[in-house]
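In this text, residue positions in the sequence shown follow the numbering used here: the first is 307, and each later residue adds one. By construction, the Cβ of each residue, glycine as well, lies at the ideal position given by its N, Cα and C atoms. If you're wondering where the values come from, they're calculated on a predicted model, not measured in any experiment. Data first, discussion second: the structure below is written as structure tokens.
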Amino acid sequence: MNMQTRIEQALEAAVAAQEGAGCPPKLAAAIRHAVFPGGARIRPQLCIAVAMANGDTDPELADAAASAIELIHCASLVHDDLPCFDDAPTRRGQPSVHKAYGERLAVLAGDALIVTAFQTLGAAGARHPERMARVLQTVARGVGTPLGIIAGQAWECEPRVALSDYQRAKTGALFAAATAAGAQASGGDGETWRALGDWLGEAYQVADDVRDALADPEQLGKPVGRDVALGRPSSAIQHGLVGAVEHFERLVQGAIDAIPDCKGAGMLRQIVRMESERLVPKAWCANIEALAAERAAVRAATIQTA
């Protein structure tokens, strides 16, 4: 079974387990809408790839960890899209959950996904309960306060924030949880693998900032130009597009260098390189200022027409 199939089957099982008799049908539909079809699934890919690099000695727990992290990521997107935050009408090329099902169900669907994540982890700990306890703590650390994704979202409510603190919590925390939990699920040392997630998580946020400035909304599957419109901290704003791309490339190299020597090191390096090209294509970097001007002109014309 390839990695992508393994991830989708684990997610389907986790979501289906919550759709039993008695579940409100609209809530069940909103939850499913939030998870499927998925995006790149990079966080669960990292989790399972690291588990495999550590021997994959408990696939059930590794799958549960990967699923839990992706479910929490999906929950964060549902909440991030709400009118009180980004007010985004689309996500992954389809209506965001609050647009499709209303704000109340979107809030509840996001909450339910977080609970489902921890239920999924708890149900997979029979074989190695001591590992499950460590994975549970790692995932919770990546979600809550003081340094998890909830804290990252809360930084948007503060008058001032250091860009690195914002990026580390908003995006990096769940990447670090993915790599550490993957190792722990297979009996490895989570701290040895946390640096890979830290580097890649920050790179991912910088890439998101660049894409917010450069990407076509149809290509991205969500609105663009939101960082400027909402006054959000952004690498592209703080460093300029050229500086942001250079910073992104340094972070990607840092992620590659952070991969420990192991049987699966080559596969992990390939995942990082492929994701790097997907996020910030080399074609963009060749003529980045011209592309930025073109995108800005298109957005300005769209605003004037509206």
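Bridge partners for residue i per DSSP, in chain order?
i, result
"residue 401", "396"
On the criterion of 16 or more Cβ atoms from any shown chain inside 10 Å, does residue i qualify as buried, or is it exposed?
i, result
"residue 548", "exposed"
"residue 485", "buried"
"residue 329", "exposed"
"residue 539", "buried"
"residue 362", "buried"
"residue 581", "buried"
"residue 417", "exposed"
"residue 448", "buried"
"residue 518", "buried"
"residue 468", "exposed"
"residue 476", "buried"
"residue 542", "buried"
"residue 500", "buried"
"residue 408", "exposed"
"residue 511", "buried"
Quick one: what's got a C-beta closer than 7 Å to residue i's C-beta in the same chain, skipping five residues either side?
i, result
"residue 320", "373, 377, 422, 426"
"residue 312", "354, 369"
"residue 345", "398"
"residue 401", "395"
What's the gap between the Cα of residue i and the Cα of residue j?
i, j, result
"residue 470", "residue 350", "24 Å"
"residue 342", "residue 505", "27 Å"
"residue 576", "residue 309", "14 Å"
"residue 474", "residue 364", "29 Å"
"residue 332", "residue 390", "22 Å"
"residue 516", "residue 442", "33 Å"
"residue 405", "residue 567", "46 Å"
"residue 412", "residue 383", "10 Å"
"residue 452", "residue 428", "23 Å"
"residue 637", "residue 326", "The requested residue 637 is not part of the displayed model; the chain covers only 307 to 612."
"residue 334", "residue 403", "12 Å"
"residue 388", "residue 432", "37 Å"
"residue 318", "residue 381", "15 Å"
"residue 458", "residue 514", "15 Å"
"residue 419", "residue 315", "16 Å"
"residue 307", "residue 569", "19 Å"
"residue 336", "residue 396", "14 Å"
"residue 487", "residue 437", "9 Å"
"residue 322", "residue 478", "29 Å"
"residue 375", "residue 435", "18 Å"
"residue 591", "residue 324", "44 Å"
"residue 563", "residue 410", "44 Å"
"residue 588", "residue 483", "29 Å"
To which residues of the same chain is residue i closer than 6 Å at the C-beta, ignoring the five residues directly before and after it?
i, result
"residue 571", "565"
"residue 360", "489, 492, 494"
"residue 472", "461, 539"
"residue 481", "503, 506, 507"
"residue 366", "430"
"residue 371", "353, 441, 487, 491"
"residue 450", "456"
"residue 385", "416"
Leaving aside the five residues before and after residue i along the sequence, list all residues of the same chain whose C-beta is less than 8 Å from its C-beta, in chain order.
i, result
"residue 573", "355, 358, 359"
"residue 561", "502, 505, 506, 509, 578"
"residue 439", "431"
What residue ranges within the stretch 407 to 465 form continuous alpha helix (DSSP H) runs of no fewer than 4 residues, ordered along the chain? 409 to 428, 435 to 449, 455 to 460
Which runs of the alpha helix (DSSP H) spanning at least 4 residues fall entirely within the stretch 478 to 506, listed in chain order? 479 to 491
Scan the stretch 533 to 576 and note each continuous beta strand (DSSP E) run of 3 residues or more that stays entirely inside, going in chain order. none
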